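Input: a single structure, listed below in structure tokens.
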């Protein structure tokens, strides 16, 4: 019993240490093609891994994408992600490995296993299962704190108490007997301003979760620091992410199976345009905005 207790305690401590370690990294770089793949992004596995890291709060990039200036000038700010494939004839087995810029192992997940026969579904299921170990680290980027110099505040001098002698009242009651007292105006808050404040609060709530409908199914957007996550109602995980692009009112749309652009029209409807791999032509999907 004691051995089991110490084993669990050791594993928990190890997980905590790993979690603290990866918190110092802001970026993750993922190969566009893993060693076991026959082509770039085969089975959309690389895009899926990028999506999973972005969902946890990392800034993730495929190694064939353009890196931000901060990453280009400091490659050691990023972790390198690899996927190890130890699949057999009847089971797909994948593990995710994180290494630093000196190729030192930072973290490796237990294997995710799938028995599905379809290759793409099996790889996706195994990768998601392996990634749960990274989700359990509760990643939060530990940004370097700026040192702020605090100057001493000079002590406030004690106020001198001045004794005031009472002034004798002036007897002029007879002169003001007929005068009518005027009531001082009472300052009231502008109801329009209060209403405006409430409207801003409501707008903030709506901005965090927006409801949509498509072909009888319900969807919703949830606000994130970089844009939005797109969910289907009843699902706990998003199936796509919208990241604010440099173009005005446009978002980079990334799902497990497709990438493209998204924007909101003047009625608030969400329009997504991706490249259909079968017809090699743009495919447009419209999510109709619903009243809150």
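Residue numbers (UniProt numbering): 1 to 292.
Positions of the beta carbon are idealized from the N, C-alpha and C atoms, including for glycine.
Predicted model only: the values in this text are computed from it and were never measured.
Determine the closest residue to residue 258 out of 30, 51, 64, with distance taken between C-alpha atoms.
It is 51 whose Cα lies nearest to the Cα of residue 258.
Under the rule that 16 or more other beta-carbon atoms within 10 Å means buried, what is residue 103, buried or exposed?
Exposure of residue 103 is indicated by the presence of fewer than 16 other C-beta atoms within 10 angstroms of its C-beta.
So, for residue 131: in the same chain, excluding its five sequence neighbours on each side, which residues have a beta-carbon less than 8 Å away from its beta-carbon?
Scanning its chain for C-beta atoms nearer than 8 Å, with the 5 sequence neighbours on each side dropped, one finds around residue 131 the residues 49, 52, 96, 109, 112, in chain order.
Counting pairs of beta carbons, one from the segment 122 to 138 and one from the segment 35 to 50, are three or more of them closer than 8 Å?
Contact between the segment 122 to 138 and the segment 35 to 50 is present, with at least three C-beta pairs closer than 8 Å.
Kindly identify the DSSP beta-bridge partner or partners of residue 273.
BP columns for residue 273 point to 261, 284.
Segment limits, alpha helix (DSSP H) that includes residue 26:
Premise fails: residue 26 is in no alpha helix (DSSP H) and is neither H nor E.
What residues match up with residue 219 in a beta bridge as DSSP calls it?
DSSP lists 212, 232 as partners of residue 219.
Going by DSSP in three states, residue 50 sits in which element: helix, strand or coil?
Looking at residue 50 - three-state DSSP - the assignment turns out to be helix.
State the start and end residues of the unbroken alpha helix (DSSP H) segment that holds residue 132.
Where residue 132 is concerned, the enclosing alpha helix (DSSP H) starts and stops at 119 to 135.
Given this structure, state the Cα-to-Cα distance separating residue 150 from residue 143, to the nearest angstrom.
Because the pLDDT at residue 150 is just 45, under 50, the model does not fix this residue reliably, and the point stays unresolved.
Enclosing beta strand (DSSP E) for residue 250 [first to last residue]:
Counting along the chain, the beta strand (DSSP E) containing residue 250 begins and ends at 250 to 255.
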